[in-house]
Structure formats: C-alpha cells, structure tokens
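For reference, the structure is listed below as structure tokens.
What follows is the structure, encoded as structure tokens:
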C-alpha cells in the first residue's frame with residue numbers, strides 16, 4: 001500500500017537559532033522550479049501546467065521561501081495553507097509526553113480544545129516531581145540526542161526546532177483541516193493547492209477565510225459539488241470519506257490525542273487517500289508526537305548517510321535503487337538509539353548536510 005516517494009531537498013542556507021524555520025528553503029534560480037509533488041495514490045494532477053514565459057517577458061519575482069525545514073509536503077500537515085485565520089495562542093505550560101500527542105488540538109466539529117493538563121491546575125499532591133512539560137520538552141529531547149551521540153551537538157546548536165518549542169506546541173491544530181489540506185496538496189504545486197483550498201472554503205460560507213468547514217458540512221456535500229472547487233474525483237472522494245470518519249466518531253481529536261502511536265497509524269492509514277508517509281508526517285508535525293520515524297523518506301535516508309560519514313556524491317552516482325544511501329536495517333538500528341525522540345532526530349537529519357559535524361567525528 002505504501003508508495004516510496006522522494007522528499008523535497010532541504011536548503012543549504014544557514015538558519016539562525018532564533019529563526020522560526022518551518023518549511024524548506026531552496027536556492028533561487030533563473031526559473032522557478034515546480035515544487036516536488038507527493039502522493040499517496042497515483043492520479044493525474046488536477047491543474048493545468050503553468051504557461052511558459054515568452055522571450056523578453058520579465059520573470060515573476062521570486063517568492064520568499066516558506067519557513068519549515070521539513071519536506072515541503074510534510075509542512076502541509078503542520079501548517080496548512082494560510083487561508084483560515086487563527087489567533088495566535090499564548091504558550092501555556094502543560095504536561096508533555098514524548099509517546100503521546102503534545103499538540104493543542106481543536107475538535108473539528110465543536111471547536112473544543114483537547115490538550116493535556118495545565119501544570120498550574122494540578123494539585124501539589126498529584127503533580128509529578130520530575131515534570132516533562134511543553135516548556136522543557138524540546139530541551140530534554142535535545143539533551144538526550146546529544147547524550148546518545150555527541151555528533152548531534154553542532155546540529156542542535158545550529159538549528160532551533162520550532163515545531164516542538166513551547167510556541168509550536170501552543171498552536172491550535174484542527175486535525176480534519178490538516179489532513180484535508182494534505183490531500184488537497186497531493187500532486188499539485190503549493191500555489192495550486194492554495195487556490196483549490198480557497199475555492200473549497202467558498203463552498204461552505206459566504207465570507208470564506210474565517211474557519212475551515214466542520215466535517216458534517218463536508219460530508220453533506222455531493223462529490224460533484226466538492227469537485228467544483230477544483231478537486232479531482234479521487235480527492236473529492238478522499239475528503240468526503242475523511243469527513244464521514246470524523247462525523248461517525250471513528251476519528252476524533254480526543255482519540256488522536258490519547259491513542260498510542262501504533263493506534264494513530266492504524267486508524268489513519270485505513271482512510272482512503274492517506275498513505276503511511278502522509279500519516280507519519282501528520283503524526284510528527286501535526287500532532288507533535290516525538291517518537292515518529294519515516295524509513296520511507298529519501299531525504300532522511302540521505303541525511304543519515306551523511307551523518308555517519310558516507311560519501312553522498314559517490315553513492316548517488318553509483319545508483320542502487322530505493323536504499324542507495326543507507327539500508328533499511330541500518331536506518332532502523334541507528335534511529336532506534338534516539339527513541340523516544342526519533343521525530344526530533346528525523347528533523348535534524350533533514351538539516352544535517354547544512355552543518356559541519358566533522359569536528360565531532
């Protein structure tokens with residue numbers, strides 16, 4: 001069921017520790033490169049190819065790079081296209097658990113917040129002595145990675161992971177919107193996905209941009225109605241099917257918050273239109289689960305090979321198919337050492353080629 005896909009290359013641009021880096025950056029070129037498409041099931045793109053620029057016609061100004069140092073498509077599960085307006089939420093210190101959801105989830109149907117307990121609301125008798133909270137989760141995870149392998153130190157010092165920072169964990173995540181945005185974005189460019197999502201919202205409200213529709217609203221629409229937003233037949237079926245899962249209660253913000261990693265994977269992969277890679281990215285960057293690792297991501301494989309000192313250029317030239325940079329067994333053995341913080345380890349593997357770790361070898 002899982003289709004191997006190539007992840008987007010990360011940028012080689014240095015990122016300061018204070019910079020909120022959330023989407024991959026790429027070097028500017030004379031012509032805008034079309035974003036790499038990621039899909040869970042093959043289908044023809046629903047948008048026509050862009051018009052070629054005539055000779056002498058001025059080039060379109062380069063769009064500033066987005067902010068996530070993850071594959072472009074992965075970021076769609078963490079931060080869907082900025083159509084719906086959401087107020088910034090002040091960080092509230094809550095209990096955290098690397099093996100559960102740490103995101104602040106918004107119930108898609110009722111807008112009820114689903115979170116772990118606020119640390120300030122716990123009675124002294126019930127509060128744990130050693131508290132892992134949203135305030136210190138990232139630091140504990142970084143310290144653990146460096147303790148397991150000192151070569152992680154320059155990576156940790158060079159790149160601040162906002163995804164699991166107190167601010168990142170305070171962001172309200174609507175799981176239905178995130179998953180729907182991921183489906184909309186399959187096999188199309190970022191600009192096309194944004195346009196389709198904008199049209200999708202107009203199907204449900206007179207003044208679009210206020211909020212994403214409830215699952216019950218989407219489930220009530222026919223496939224033909226959903227397709228008027230620019231969705232392909234399959235994508236319309238996928239999003240309607242996803243909405244029906246939330247309406248029936250088979251999926252809910254509470255379940256996604258409380259379930260184990262294995263249960264989340266099993267439930268979401270059973271939904272048409274969501275493959276294993278998509279679910280892994282959503283669990284990591286949407287639910288903010290700390291122990292997710294994607295063996296099928298080529299960018300992670302390449303970063304891990306560079307991390308252990310392999311010659312990436314030689315391996316690329318030699319070929320070798322799916323596991324040309326590192327075998328599945330080697331990836332599993334190396335990543336297991338960093339559990340229960342493999343999500344953060346994976347995040348750093350996307351950044352490893354930007355940082356000189358030779359002094360740590």
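Residue numbers (UniProt numbering): 1 to 361. The beta-carbon is built from N, C-alpha and C at its ideal position, and this holds for glycine as well.
Assign residue 308 to one of two classes, buried (16 or more other C-beta atoms within 10 Å of its C-beta) or exposed (fewer than that). exposed
Counting only C-beta atoms, is residue 326 closer than 8 Å to chain D at any point? The structure shown has no chain D; it contains just one protein chain.
Can you grab the Cα-Cα spacing for the pair residue 141 / residue 331, in whole Å? 20 Å
Tell me whether residue 271 sits in a helix, a strand or coil according to DSSP, three-state version. coil
Would you mind sorting residue 87 into buried or exposed? The rule is 16 or more other CB atoms within 10 Å of its CB. Low per-residue confidence applies at residue 87: pLDDT is 45, beneath 50, and the placement is therefore not dependable enough to give any value.
Note down the Cα distance separating residue 93 from residue 279, rounded to an integer number of angstroms. Between residue 93 and residue 279, the alpha-carbon positions lie close to 27 Å from each other.
Whole-angstrom distance between residue 112 and residue 138, CA atom to CA atom: 26 Å
What are the start and end residues of the alpha helix (DSSP H) that includes residue 298? 298 to 307
Terminal residues of the continuous beta strand (DSSP E) containing residue 106? Here the beta strand (DSSP E) through residue 106 covers 104 to 106.
If you pair each beta-carbon of the segment 192 to 206 with each one of the segment 149 to 167, do three or more pairs fall below 8 Å? no
Report, in whole angstroms, the separation of the C-beta atoms of residue 431 and residue 215, which I expect to be a contact under 8 Å. Missing from the structure shown is residue 431; the chain here goes from 1 to 361 and no further.
So what does DSSP say about residue 162, is it helix, strand or coil? helix
Suppose you measure from the CA of residue 174 to the CA of residue 221; what does that come to, to the nearest Å? Roughly 20 Å between the two C-alpha positions.
Do residue 293 and residue 346 have their beta-carbon atoms positioned less than 8 Å apart in this structure? yes
Does the Cβ of residue 223 have 16 or more other Cβ atoms within 10 Å, making it buried, or fewer, making it exposed? exposed
Between the alpha carbons of residue 167 and residue 160, how many angstroms are there, rounded? 12 Å
If you reduce the DSSP assignment to three classes, tell me which class residue 114 lands in. In this structure, residue 114 counts as strand in the three-state DSSP scheme.
Beta-carbon spacing of residue 252, residue 289 below 8 Å: no
Closest by C-alpha distance to residue 101, when choosing among 314, 261 and 298: Nearest in C-alpha terms to residue 101, of all of 314, 261 and 298, is 261.
Given residue 340, which residues of its chain have a CB within under 8 Å of its CB, disregarding the five upstream and five downstream residues? 98, 99, 290 and 291
Taking the DSSP output, what are the residues bridged to residue 173? The bridge partners DSSP lists for residue 173 are 105.
Could you give the residue range of the alpha helix (DSSP H) that holds residue 224? 223 to 227
Flag this pair as touching only if the segment 259 to 276 and the segment 299 to 313 have three or more C-beta atom pairs under 8 Å; answer yes or no. no
Report the three-state DSSP secondary structure of residue 94 (helix, strand or coil). strand
Would you mind stating whether residue 190 and residue 282 have Cβ atoms separated by less than 8 Å? no
Report yes if the C-beta distance between residue 287 and residue 334 is below 8 Å; otherwise report no. no
For residue 241, which residues in the same chain have their Cβ closer than 6 Å to its Cβ, ignoring the five residues on either side in sequence? 272
Alpha-carbon spacing of residue 43 relative to residue 187, whole angstroms: Interpretation of residue 43 is limited by its pLDDT of 42, a score under 50 that renders its predicted location unreliable; the figure taken from the coordinates is listed afterwards. The alpha-carbon atoms of residue 43 and residue 187 are separated by roughly 8 Å.
Output needed for residue 349: all residues of its chain with C-beta closer than 7 Å, excluding positions within five of it in sequence on either side, in chain order. 300, 303, 304 and 307
Between residue 233 and the rest of its own chain, which residues show a CB-CB distance below 8 Å, the 5 nearest in sequence each way excluded? 223 and 227
Spatial neighbours of residue 231 in its chain, beta-carbon cut-off 8 Å, leaving aside the 5 residues before and after: 46, 184, 196, 200 and 239
Beta-bridge pairing of residue 133 - partner residues as DSSP gives them: As a beta-bridge residue in DSSP terms, residue 133 pairs with 95.
Measure the C-alpha to C-alpha separation of residue 115 and residue 104 and round it to an integer number of angstroms. 5 Å
What first and last residue would you give for the alpha helix (DSSP H) that runs through residue 315? 312 to 318
Note down the Cα distance separating residue 248 from residue 205, rounded to an integer number of angstroms. 23 Å
Using beta-carbon positions only, say whether residue 296 and residue 276 come within less than 8 Å of one another. Yes.
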